[in-house]
Amino acid sequence: MLRHSQTTEQNPDVRIVEETYDDNLAFFEAAIAELGGGTALIGLVGSSDLPGVALRRAQSVLRWDRRPSLWSHAFLIVEDGIREVTVHSRAGHFPEPADNAVTPATLEHYAHDPNVAVLKVRTSDDEAAEIASRATTEPNLERLRYDLFETLGFWQAYLWTRGTPNPLETGIPMASSALVEYCFEAIALDLTPGANDRSSAPEHLWNSARWWNEAFGEFDRPIAGRALIRDPHCMTLGPGEQLWK
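In this note's numbering, the protein residues as written are 4 to 248.
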């Protein structure tokens, strides 16, 4: 469940864009440029394939309206692409335990998902480098608290085995967003003040950006973002299908 932010106005700097794009690469380029570029930006993806839909529905337990999340995955944008922890790497990388399951990919791997967003937290260049280094060279500094490799096992069982409980209801975080939170702890920033425990999820990141802007502003860490939403209702698409042409 999410705590109430005590505000009635959403963050005006996190906007859902109305433009149409042939693919998400054009959106990513435009959004990153509008947000001022840089590294250590946060990416969100909402997929409509079977794993994506399952992950989006799992997060309904975090929402007051019990509807599926817009988001199934989160990643960190760094200088040479992205870093992520994912149940199934679209880049074809095995999540090595020695790297705490962190694998590289590129924005091209998310060119055709229906929902995408880019979020940017105000940081200095040095701070952004510290955040990125946790995903690129220092994935194990907080391994006792962020054992992302082990977390994947619980989510694989949930996706592939009938009758497996929702890991979020048993205190198991989603590894993709947990990586992002781990990285931002490099600058002593809690990205999810609305969460009442460590059950990290992309929904937490989105909720923080949309509703907790006053709290982040008090620490001079305002969040800005752009989102493109084509599937607000969590449709399940077949292989090769997409919501736009």
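Backbone N, C-alpha and C define an ideal beta-carbon position, used for all residues, glycine too.
For histidine 112, no beta strand (DSSP E) run applies, since DSSP gives it neither H nor E. With respect to isoleucine 80, threonine 42 sits close: the two C-beta atoms are nearer than 8 angstroms. A straight-line Cα-Cα distance of about 37 angstroms links glutamate 172 and glutamate 37. Rounded to the nearest angstrom, the Cβ distance from tryptophan 74 to tryptophan 215 is 16 angstroms, too far for a contact under 8 angstroms. Contact annotation: the region 135-149 does not touch the region 45-65, with fewer than three C-beta pairs closer than 8 angstroms. When C-beta atoms of the region 103-119 are compared with those of the region 220-235, three or more pairs fall below 8 angstroms, so the two segments count as touching. Remark: C-beta atoms of alanine 204 and leucine 65 approach each other more closely than 8 angstroms.
Its chain contains Arg224, Pro225 as the residues whose beta carbon lies nearer than 6 angstroms to that of arginine 125, once the 5 sequence neighbours on both sides are disregarded; these appear in chain order.
About 4 angstroms separates the Cβ atoms of threonine 106 and histidine 96, confirming a contact at the 8 angstroms cut-off.
As computed with DSSP, alanine 77 is found in a beta bridge with Leu47. In the assembly as shown, threonine 154 is a buried residue. Its beta-carbon has 16 or more other beta-carbons within 10 Å.
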